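Below you'll find the structure, written out as structure tokens, and then a few comments.
In our numbering, the protein residues as written are 362 to 551.
As structure tokens, then:
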């Protein structure tokens, strides 16, 4: 049996723990609340306003390649694909001209299935539709380039006909990155 020696101290400790718990919940809610739909791609790529100390040079042109190897959970939008929408939204909001943004996504590994039509996607995802389809269609409107690693595609039995509109097959992810680098694309490190 427990003996309560100092009820005031215990009560104070409980109040402090409760305040800490509520402040964590409040912090998480305010963190998510800071992200708003962008002005270009409204349904994807939410962004937060930032008082940046790193000025974007006038007339800056962005040519950026991204790498994707991790698939989303079945029926969910791949957050790494959503990053491209966020990139466009936040840079346009910061004053970069839309025509000065060129993005490419090189896809390999299990993420290749996130680039496929529902017919193939549903075979491997318990009949769940591919939630990435509308995002890829929207990004394609802004000339985002998508390349699936052909070596990965061969492994998973993916043909060019299985890929969503706007998604192309490359010999390999290695090849796609080398070509994009030669074309002046920088590789986003995450």
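For every residue, glycine included, the Cβ atom is placed at its ideal position computed from N, Cα and C.
Quantities reported herein were computed from a predicted structural model and do not represent experimental measurements.
Other residues of its chain near residue i: CB distance less than 8 angstroms, five sequence neighbours each side excluded
i	result
residue 445	406, 427, 464, 466, 500, 505
residue 481	474, 519, 523
residue 456	417
C-alpha gap between residue i and residue j, whole angstroms
i	j	result
residue 441	residue 472	10 angstroms
residue 401	residue 486	31 angstroms
residue 511	residue 538	13 angstroms
residue 550	residue 429	11 angstroms
residue 419	residue 516	45 angstroms
residue 534	residue 448	22 angstroms
residue 392	residue 443	18 angstroms
residue 470	residue 431	7 angstroms
Range covered by the alpha helix (DSSP H) that runs through residue i
i	result
residue 463	Looking at the DSSP string, residue 463 is not in any alpha helix (DSSP H); the run it does join, the beta strand (DSSP E), is 462 to 468.
residue 516	511 to 517
Own chain, CB closer than 6 angstroms to residue i, minus 5 neighbours either side, in chain order
i	result
residue 396	407, 409
residue 526	none
Bridge partner(s) assigned by DSSP for residue i
i	result
residue 530	509
residue 428	467
Close-in-space but distant-in-sequence residues of the same chain around residue i (CB under 7 angstroms, 5 per side omitted)
i	result
residue 507	466, 468, 476, 497, 527, 528, 529
Whole-number beta carbon distance between residue j and residue i, since they are thought to touch under 8 angstroms
i	j	result
residue 425	residue 503	Contact doesn't hold; Cβ gap of about 13 angstroms is too wide.
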